[in-house]
Amino acid sequence: MADLTIWDFVLLPIYLFIINLVAKHIRKGFQDDPKLIFYFKWGFRFKMFIAIVFTLITNFYMCGDSIDLYYGEGKNFAEIISDNSQKIDLLFMQGGEEPNSLVNSWNRGYLMIESNYMVVKISIILCFLAFKKYMLVNMICAFIAFLGSWNLFLFFRKQRPQFESAFAIACMGVPTVIFWSSGISKDSICMASIGFLTWALYKLIVKRQKPLLNLLIASVTVTLIFFIKSYILLSYLPFFFYYLLITNIKNNPNQLLRIALRLVFPLFFTGSIFYLYFYGDDFFTTFSSEEILDTVSRTQNNFNAQARAFEGSYFTLGDFDGSFLGFIKLTPAAIGTTFFRPFVWEARNIVMLLSALESLLILWFTLKNFFSPARVANFFTKIFTDTLVLYCLAFSLFFGAFVGMSSFNFGSLVRYKIPCIPFYIIALTLISGKSFLFEKKVKNI
1 MADLTIWDFV
11 LLPIYLFIIN
21 LVAKHIRKGF
31 QDDPKLIFYF
41 KWGFRFKMFI
51 AIVFTLITNF
61 YMCGDSIDLY
71 YGEGKNFAEI
81 ISDNSQKIDL
91 LFMQGGEEPN
101 SLVNSWNRGY
111 LMIESNYMVV
121 KISIILCFLA
131 FKKYMLVNMI
141 CAFIAFLGSW
151 NLFLFFRKQR
161 PQFESAFAIA
171 CMGVPTVIFW
181 SSGISKDSIC
191 MASIGFLTWA
201 LYKLIVKRQK
211 PLLNLLIASV
221 TVTLIFFIKS
231 YILLSYLPFF
241 FYYLLITNIK
251 NNPNQLLRIA
261 LRLVFPLFFT
271 GSIFYLYFYG
281 DDFFTTFSSE
291 EILDTVSRTQ
301 NNFNAQARAF
311 EGSYFTLGDF
321 DGSFLGFIKL
331 TPAAIGTTFF
341 RPFVWEARNI
351 VMLLSALESL
361 LILWFTLKNF
371 FSPARVANFF
381 TKIFTDTLVL
391 YCLAFSLFFG
401 AFVGMSSFNF
411 GSLVRYKIPC
421 IPFYIIALTL
431 ISGKSFLFEK
441 KVKNI
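Number 445 marks the last residue of the sequence shown (our numbering); no jumps.
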């Protein structure tokens, strides 16, 4: 489905100029810090370049949801609203019979699900801003996703400024994360939302800065993630709130209160584990069903296109019965699949090969922490003594387990896992005291 026209390329320099003006305005907020300006500039330029690459590949090679479903129906609905202004209420209704009745025939049935329709509604707005041009819609979406990654970087830099180079790579320099969050998709919106949510909650709860603005940002991002991929919130918020709680405890001058609060959370966490053990079957069954629906090809055209692009990339870890014990049983294999696959010999095309090489690099970085007894001891010591490590590692492993169990092919896997990859790399960086891509030792204060 070739949606690019000559106007996409004619308008591209104009939109790049406008986006760059917005970026320059944002940079003024930290113009006294040359390092931040450097990170922002290379992160922004890399993202814009990858957004163009993403657009060309998904238009001429892979196709899939970004162009066929989210952009395609966003453009379709934008045209409907343009022809009949009374249809503006399409932006305010949930997925169901009415929006589903207006879709193109090959997407019939998929806007019954709110997680799909939420992305389409965002696409409608972007289509009005970008003259319904696929390249321009992706550029705007990629810029928003970049700002989310930038906010995530600012948060981690605030916690451990001595690791800022490593954090910049983890948040804004991992190729698959950048690529799959560079177009109109669930992945881009969720990645942007995680970054904005993290920085907003930190400033709201710990720094107590601009409460109304940060509360608004947190509310909007939580709403978006909840309707698009609610399991991200279930995986992320408990561990992040734990980190914020511990941070506030450390800042509290009352020693008795600090001790009391330190005891409360472990008890709450233990109680939650027991609750999931005895009453968690319904949750895991619901999650499994939702993800199966979410990962099945949206249309026969998309399925055939993906089958050609990712031939031989399907895999299984075994049957997941939806129970808590079933989840625990598959967790090790699921985590290994999420972070270390596809293996190089499982790649069937250039895109998958690049992902396989990145997974191999992450595997190498992981194993470096177990090359000696001292490193093994340091690994587990960091987990139990450094709350930032615990928060990043717990979220990434918990989320990685869900993704590994709910993905049916490597094409889906490399997209679904991107929210946890920066956190996993950051956790390993904090544990080892070394960057992901180079051997520079960082003083861990």
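Backbone N, C-alpha and C fix where the C-beta goes; we use that ideal spot for every residue, glycine too.
In the DSSP assignment, N116 forms no beta bridge with any residue. With 16 or more neighbouring CB atoms inside 10 Å of its own CB, W150 falls in the buried class.
Under the criterion of beta carbons closer than 8 Å, R45 and I37 do not qualify as touching, at roughly 12 Å.
Per DSSP, V103 lies in no alpha helix (DSSP H) segment and is marked neither H nor E. The beta carbon of L215 is closer than 7 Å to those of L204 in its chain, skipping five residues each way along the sequence. Within the stretch 154-188, complete alpha helix (DSSP H) segments of at least 4 residues are found at 164-172 and 175-180, given in chain order.
Leaving aside the five residues that flank F423 on each side, the residues in its chain whose CB is nearer than 7 Å to its CB run, in chain order, C392, F395 and S396.
A Cβ-Cβ distance of about 5 Å is found for the pair I140 and L126, placing them in contact under the 8 Å criterion. Here T387 is buried, its C-beta having at least 16 other C-beta atoms within 10 Å. For R375, the three-state secondary structure derived from DSSP is helix. Excluding sequence positions up to five before and after L390, its CB lies within less than 7 Å of the CB of I383, all in the same chain and listed in chain order. Under the three-state reduction of DSSP output, D68 falls in the helix class.
Non-local beta-carbon contacts of E358 in its own chain, meaning distances under 8 Å to residues more than five positions away in sequence, involve V174, P175 and T176 in chain order. Taking each of N369, S407 and E73 in turn and checking the Cα distance to P342, the smallest one comes out for S407.
When Cβ pairs closer than 8 Å are counted between the two stretches, the stretch 191-206 is seen not to touch the stretch 78-86, the count staying below three.
Here F227 is near S115, since their CB atoms are less than 9 Å apart. Excluding sequence positions up to five before and after P419, its CB lies within less than 7 Å of the CB of C190, M191, I194, I232 and F399, all in the same chain and listed in chain order. Taking the Cβ atoms as the reference, I431 lies roughly 6 Å from F379, within the contact range of under 8 Å.
Straight through space, the alpha carbons of K41 and F30 are spaced by roughly 12 Å. Closest in alpha carbon position to G95, among K87, V119 and E79, is V119. Classified as exposed, E97 has fewer than 16 neighbouring CB atoms from the shown chains inside 10 Å of its CB.
In terms of Cβ geometry, A142 and K75 do not form a close pair [threshold 9 Å].
Straight through space, the alpha carbons of K417 and D3 are spaced by roughly 28 Å. Spanning the alpha carbons of L325 and A78 requires a straight line of approximately 46 Å. R208 counts as exposed, since fewer than 16 other C-beta atoms from the protein chains shown sit within 10 angstroms of its C-beta.
In its chain, beyond the 5 residues on either side, F131 and K133 have a beta carbon closer than 8 Å to the beta carbon of W7.
In this model, R415 and Y117 are separated by some 19 Å (Cα to Cα). It is roughly 27 Å from the alpha-carbon of Y243 to the alpha-carbon of M405. The three-state secondary structure of I418, taken from DSSP, is coil.
Taking a 10 Å sphere around the C-beta of P211, we find fewer than 16 other C-beta atoms and assign the residue as exposed. Short of 6 Å from the beta carbon of S188, and not among the five residues preceding or following it, lie these beta carbons of its own chain, in chain order: C141, A145 and S181. Approximately 19 Å separates the beta-carbon atoms of F167 and I50; this is outside 8 Å, ruling out the contact. Counting the other CB atoms within 10 Å of its CB gives D68 a total of 16 or more, which places it among the buried residues. If you ignore the 5 residues before and after K121, its C-beta comes within less than 6 Å of the C-beta of L91, all in its own chain and listed in chain order. Secondary structure at C63: coil, using DSSP grouped into helix, strand and coil.
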